[in-house]
Structure formats: C-alpha cells, structure tokens
Amino acid sequence: MSGGRVTVQDLVFRRGGREVLKGISFEVEPGRVAAVVGPNGAGKSTLLKVISGYLKPASGSVTVCGVDPASLHPSERSRLVTYSGDEPDPAFAFTVQETVEMGRVAAEAPVSRADLAGALEEALEALQLAGLRDRPITSLSSGERQRVYLARALYQDPLVILLDEPTTHLDMAYEVHVAGMTRDLARRGKTVLTVVHDLNLALRCADRLVFLRDGRLLYNVAPGDVTSEIVGDIYGVEVRVASHPVLGTPFVTPPSSRKA
Amino acid sequence: MATERAARNQRLVAAGLLFLLVGLALGLSLGSVSLPLRYVIRALAKGPSRAAVPSTDETEALAGAILWTLRFPRVLLAFIEGAGLAVAGSVMQGLFRNPMADPYVLGVSSGASLGAVLGIALGLGGVFGMWSLPALAFAGALGSAALVYALSTHRKRTDTWTLLLAGIAVSSLISSLIAFIMVIARERVDEIVFWTMGALSRASWMSVAASLAYTVPGLIALFRHARALNALSFGEEPAFHMGVQVEEAKRTLLWTSSLVVAGGVAFTGPIGFIGLIVPHAVRLVAGPDHRWLMPLSGLFGGNALLFADLVARVIAPPREMPVGVITALSGAPFFLYLLAHSRRRRE
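Written as structure tokens, this is what we have:
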C-alpha cells in the first residue's frame, strides 16, 4: 500500500478578515509522520482542516496524491484523507462499535463482508476498545471517547490521516500507545500529520517537525535538528535540548522555574 | 449486541404491526355509532360498491356506508399522517442533534395554520371546492419553511443553529398574525379555532390518496438517507470527514420531511406531540440507529395517532374532540415522564 504525498503551496486562509495562515508551503512524503507544533493560536488545527478540504483557503493550494481533496466527491475524498479531532458531545447513545463502523459510512462498494469485519476488529483492537464495544458512547469518559473517534478514523482507512491533538484526553499509557500506533500507521504506508502539544512526544514519533507561529511556517526540520534556538524562537521560552538517556532521541526540558 | 439489537427491533416491528391491527379493528368499529366487528369484516370483504347496498339487514348496509365513506379513510389518514409526523420528527431530532426538536422546526405548522386561517377568514372555503383549505394550508406551510430556510442559508451553506432560531422567530410572528386575523374576523373564530386544534374528521378518500402520494415517496427518500443521518447526528464537521455530502443530505432531509409534514397538516390542521414523543420513545427502546429508528417511528407514530383519534371519537359522546387536544393531553405528561426517566438513567 502506498501512502499519499501531501503538498501545501503558498496557503493563505482568512477567518473574519484576519489571516490565520499566511502563505504556508511544505510537503510530507508518503509513509511519513509530520508533527505540526507551535503555540496556541498559531493556526495548527486550521492548517489540518484546510488540508482535509473542510475549510477553503483564500489562496494557495493543497494536494493529496496530486489532487485537491476539496475538489473530490465526498466519498472519494473519504478514502484519501480524514481528520480526527475534538468533537461535540455525542447527542445519542450509539454504541462504540456502531460509532467506529461509521468510518465506512460513505464507502460505496465495500470489499467483502469478511474483510470489513476484520478491519473493524483491527481498528477496535488498535485502540484497545474490544471490551467496550457494546457500551453507549454517551457513557464513556472523554479519553475513551477520543479513542473511539481515533478507531473510527483508522477503520475509514484513508491514505492520509490528520490527527488534531490525538492525545489531549489520554493518560500516559495511552499517550505512548497512540504514539506507537502513529509509527505503525506510517510503517503500513499511511501519511500522518498530527498536531501535538507535547514537543517530546512529537520528537519521539515524527519524522519531521513543522513549527508554526502566528500563521507562518518558521521551521520544517527532522527531530535531530531541533535546537534550543528553534524552540526558543517559537515559544519564547528558554529550553535545553538534550539527548534522551534511553531512547537517544532529542529531548526538550523547560527551564527550571527555580532558576527563573 | 448488534444481533441482539436487531432481534429486539424485529420484535418491536411485530408488536407494532399487532398494535396496528388492533387499532384498525377498533378504529373501524368504534365511534358515535359502534359497529360489531363482524359487520366490519363483512363490509370490508364486500368492498366499497356492494357494502352499502341495502340488503335484508338495514343496519348492515348503514354500517357498510359509514365504514367505506367515513371510517376507513379516517383511520388510514390517521396512520399515514402519524407515520409522517414521527419519521419527520426523528429526522429533525437527528439533524439538530437534539431530542427536543419536532417536525415543525421550520415553522410548517404555523405556516399551514396561517394559510388555512386566511382561507377561512376571507371565505375562500368554497373557491376550489374541498381542496381550497388544504391547498392554502400547504402553500402556507411551504412558504414558511422556505422563508426560514432562506434566512439561514448563506452561500449554499445552511446553518442549523440559525435555522432553529429563525424557525422560532417566524413561528411566533405567524402566530401573532393569526391572532390579529382572529380579532378582525370574529364571526369565524369558532371555525378557525377548530381548524388550528387539528382534527381528522375531514378525512376523505381524496385526502388519503393525496397524502399517500407525497408521504410514500417522501418516506422512501428519507429512509435512503438514514446512514448519512447517523453520521450527521455526530455533528456536521465529523460527518464531512466521514465522507458524507453534508449540505446535500441536510437539504434533502429538511425539505422532504417538511414536505411530508406540510401535506398532512394541510388536511388535518397541526397535530402536536406525535412527532416529538414517538421518535424519542422509540430511540429509548430501539437505539439511535436511524435505519431502525425511522421505520419504527413511522410504525408507532401511525399507531399513536390512530389510537389518539379513537380516544377523540369516544371520550365525550356524542361530541368529538379534536385529535390535537388528545395528543397534547396525553403527550405532554408522557413527555415529562420520559424526561424524568431518561434523567434517572443518566444519573
């Protein structure tokens, strides 16, 4: 399975007359994980929603596998790219399994029924939801619900998956689990763009880090090239970048509050 | 669970059909004149042309006439309209992600009332024969829906929140217009009040045929969007990312359900609570999946109006209550019970 290349060119997005994205260009190779990082209000979620086709840019272009997702029929688009982020509280008591199954709501002629059942089990398994499958989603905690929506995106199975803060509501164990799942998706050829707040999580699971501030892309670097200058420039705080004692990946530590 | 739910919902279908049979039997035999069930069965077997022919038994011939010209179209219209109201209610509740939404969200009921009230006040009742008031009510219903829709649609995107508010505003504007007309046309107030309370007494074979003609294709179109509605009930943006044609689905669902409701209301006047309570109650038992919820709401909504009309006919003989009074009288307390019940379940 080959992943989708994501190309963003001179992207400008306006909301209420204000430029939220100010001419962003970058590319994500097929089968790679790119973490979009930056301070609050930098335009990270907006960038993902424009790439998904949900928001229309004022100018510039987005292509996934060479086509603009917004130009496709919704059911074709759903096979190419999906976005998974925070959702409004569920209004009705669909079960976990019913909710995950909605990932294929737009799929026209599905593969065989057996394949579909297999994919469903895989998606439930990937987020450790098999035991919760008959629970109404209205009875779940926000973390459990977040896993259900992630599983739905996996079951939808598009080439490109956009994850908007997939670990906000998750405990540490699931945070590590989802990071591993993200790597796993890339190994299977999926392209993943994920907004992450925890820089260290981004450094562990991404191939590229895309730094946004104020609607501009300031740095697009590999984890090994992240320096304290870059982080300082983006967040306006002093940090140290060290090598993780166990993983060997770069590791960011904020300044000690006692020193400041 | 999935198969469990399917099995339970199949039992619900069976129960609904049984209710329907009982409702039909009672609806045909009870009324200001009660007819023994054997007359009903014999008259049905004979068909409309031979049932009313005076035979050796005068009562039986009278029974045949009452059945074929009055009661049969009446029970059918009750079932068709109840089904339409409840399915439209399930659609609106799903679309607005709110179990308190009812089929009149777009102002269909007040629009229909305005049309009919204008017709009554201006004495247009006879211009197009029996079709005048229904035609005016239908035009009023669709006019109101179009106004609410236009107010909340911008660049081909319809904002559901604005739609809800515009519906409330337009409805209350129309209600005050109706009050205004009632004061001016005081000599026709009785007629106006009776119309706006909703009654099935004006049912005829023509109204049955007309309401079937738009309800059946309308319900089919709605059922075909059940999966999209499931996705939409998670919110429009999640549904977009799942690959649903959000604006197309919304437009079809809103307009088709309003059309189905407008058609029913045009003949009977507004009938409340069926479209609010039935889908709500069915969802508690059958779950929120619209592939089950919509047809089951249709079945039980039809039954609910059938039984409500039965009560309307026999509760205060020889007088007949407007069925809208019965649905409100029984619906409001039932709704309060459901509210308390679902709150207890959540806690």
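For the protein sequence lines, the chains are A and B, in the order given.
Our numbering puts the first residue of the first sequence at 187, with every later residue one more than the last.
Our numbering puts the first residue of the second sequence at 60, with every later residue one more than the last.
The C-beta atom is built at its ideal place from N, Cα and C for all residues, glycine as well.
Just to confirm, is the Cβ distance from residue i to residue j under 8 Å?
| i | j | result |
| --- | --- | --- |
| B:Gly257 | B:Gly383 | yes |
| B:Gly153 | B:Asp161 | no |
| A:Pro216 | A:Leu266 | no |
| A:Ala277 | A:Arg394 | no |
| B:Leu94 | B:Ala122 | yes |
| A:Leu385 | A:Val417 | yes |
| B:Arg156 | B:Gly346 | no |
| A:Ser270 | A:Leu336 | yes |
| A:Leu404 | A:Pro436 | no |
| A:Val206 | A:Ser245 | no |
| A:Gly477 | A:Val346 | Residue 477 of chain A lies beyond the residue range present for chain A, which begins at 187 and ends at 446; the question has no answer from this structure. |
| A:Leu310 | A:Leu234 | no |
| B:Arg247 | B:Ile179 | yes |
| A:Gly239 | A:Leu398 | no |
| B:Leu173 | B:Gly199 | yes |
| B:Pro338 | B:Leu352 | yes |
| A:Glu273 | B:Gly294 | yes |
| B:Gly166 | B:Val252 | no |
| B:Ala175 | B:Leu195 | yes |
| A:Gly401 | A:Lys208 | yes |
| B:Asp218 | B:Asn289 | no |
| B:Leu271 | B:Arg133 | no |
| B:Ala171 | B:Val324 | yes |
From this set, the options, which residue's C-alpha is nearest residue i's C-alpha?
| i | options | result |
| --- | --- | --- |
| B:Phe282 | B:Gly141, B:Val242, B:Ala308 | B:Ala308 |
| B:Ser168 | B:Pro377, B:Trp264, B:Pro193 | B:Pro193 |
| B:Ala269 | B:Ser231, B:Leu135, B:Gly123 | B:Leu135 |
| A:Val214 | A:Leu371, A:Leu379, A:Asp384, A:Arg290 | A:Leu379 |
| A:Ser429 | A:Val423, A:Asp411, A:Asp419, A:Ile420 | A:Asp411 |
| A:Ala372 | A:Glu205, A:Leu340, A:Leu403, A:Asp350 | A:Leu340 |
| B:Ile343 | B:Phe394, B:Ser317, B:His300 | It is worth fixing the name first, because residue 343 of chain B is Leu in this sequence and not Ile. B:Leu343 has its Cα closest to that of B:Phe394, out of B:Phe394, B:Ser317, B:His300. |
| A:His259 | B:Pro392, B:Thr311, B:Gln304 | B:Gln304 |
| B:Val164 | B:Leu144, B:Tyr98, B:Ala238 | B:Leu144 |
| A:Arg374 | A:Arg218, A:Lys208, A:Met358 | A:Arg218 |
| A:Val381 | A:Pro225, A:Ala256, A:Gly190 | A:Pro225 |
| B:Gly106 | B:Ser91, B:Ala84, B:Phe131, B:Glu117 | B:Phe131 |
| A:Leu356 | A:Gly229, A:Val334, A:Lys376 | A:Val334 |
| A:Leu326 | A:Pro431, A:Val282, A:Gly209 | A:Val282 |
| B:Ser211 | B:Gly361, B:Phe366, B:Arg310 | B:Arg310 |
Can you confirm whether residue i, when its beta carbon is compared against all beta carbons of chain A, has any partner nearer than 8 Å?
| i | result |
| --- | --- |
| B:Ser292 | yes |
| B:Gly148 | no |
| B:Val303 | yes |
| B:Arg214 | no |
| B:Asn362 | no |
| B:Phe326 | no |
| B:Phe299 | yes |
| B:Asn68 | no |
| B:Arg286 | yes |
| B:Pro162 | no |
| B:Arg342 | yes |
| B:Ser356 | no |
| B:Arg283 | no |
| B:Asp218 | no |
I want to see whether chain B comes within less than 8 Å of residue i, judged by CB atoms only; does it?
| i | result |
| --- | --- |
| A:Ala279 | yes |
| A:Ala183 | Nothing about residue 183 of chain A can be reported from this structure: the residues present for chain A run from 187 to 446 only. |
| A:Tyr240 | yes |
| A:Gln332 | no |
| A:Pro243 | no |
| A:Gly289 | yes |
| A:Gln195 | no |
| A:Glu311 | no |
| A:Met187 | Residue placement at A:Met187 is flagged as unreliable, the pLDDT there being 42, under the threshold of 50; the coordinate-derived value follows with that caveat. Taking Cβ atoms only, chain B never reaches closer than 8 Å to A:Met187, which makes this a no. |
| A:Gly190 | no |
| A:Ala446 | Below a pLDDT of 50, predicted positions are generally treated as unreliable, and A:Ala446, at 43, falls in that range; the measurement from the model is reported next regardless. No, its Cβ sits nowhere closer than 8 Å to a Cβ of chain B. |
| A:Glu284 | yes |
On the premise that residue j lies in contact with residue i, defined as a C-beta separation below 8 Å, what is that separation, rounded to the nearest angstrom?
| i | j | result |
| --- | --- | --- |
| B:Leu355 | B:Leu96 | 28 Å between Cβ atoms; not a contact. |
| B:Ala30 | B:Phe138 | Because chain B here runs from 60 to 406, residue 30 of chain B falls outside it and cannot be looked at. |
| A:Pro243 | A:Phe280 | That belief does not hold up - the Cβ atoms of A:Pro243 and A:Phe280 are roughly 33 Å apart, past 8 Å. |
| B:Leu126 | B:Leu87 | 6 Å |
| A:Thr368 | A:Val192 | Going by Cβ atoms, the distance from A:Thr368 to A:Val192 rounds to 15 Å, so no, they are not a contact pair. |
| B:Pro329 | B:Thr255 | 7 Å |
Is the beta carbon of residue i within less than 7 Å of some heavy atom of the ligand SAH?
| i | result |
| --- | --- |
| B:Lys309 | Only the bare structure without any ligand can be found here, which leaves the ligand SAH out of the picture. |
- prompt: Taking only runs of the alpha helix (DSSP H) that begin and end inside the segment 82 to 109 of chain B, which ones reach a length of at least 4 residues, in chain order?
  reply: 96 to 105
- request: Identify every run of the alpha helix (DSSP H) within the segment 116 to 198 of chain B, keeping only runs that are complete inside it and at least 4 residues long; order them along the chain.
  value: 117 to 125, 131 to 154, 167 to 180
Any alpha helix (DSSP H) of 4 or more consecutive residues that is wholly inside the segment 267 to 352 of chain A: 282 to 287, 299 to 312, 328 to 342
message: In chain order, what are the residue ranges of uninterrupted alpha helix (DSSP H) at least 4 long that sit wholly in the segment 367 to 434 of chain A?
response: 385 to 391, 414 to 421
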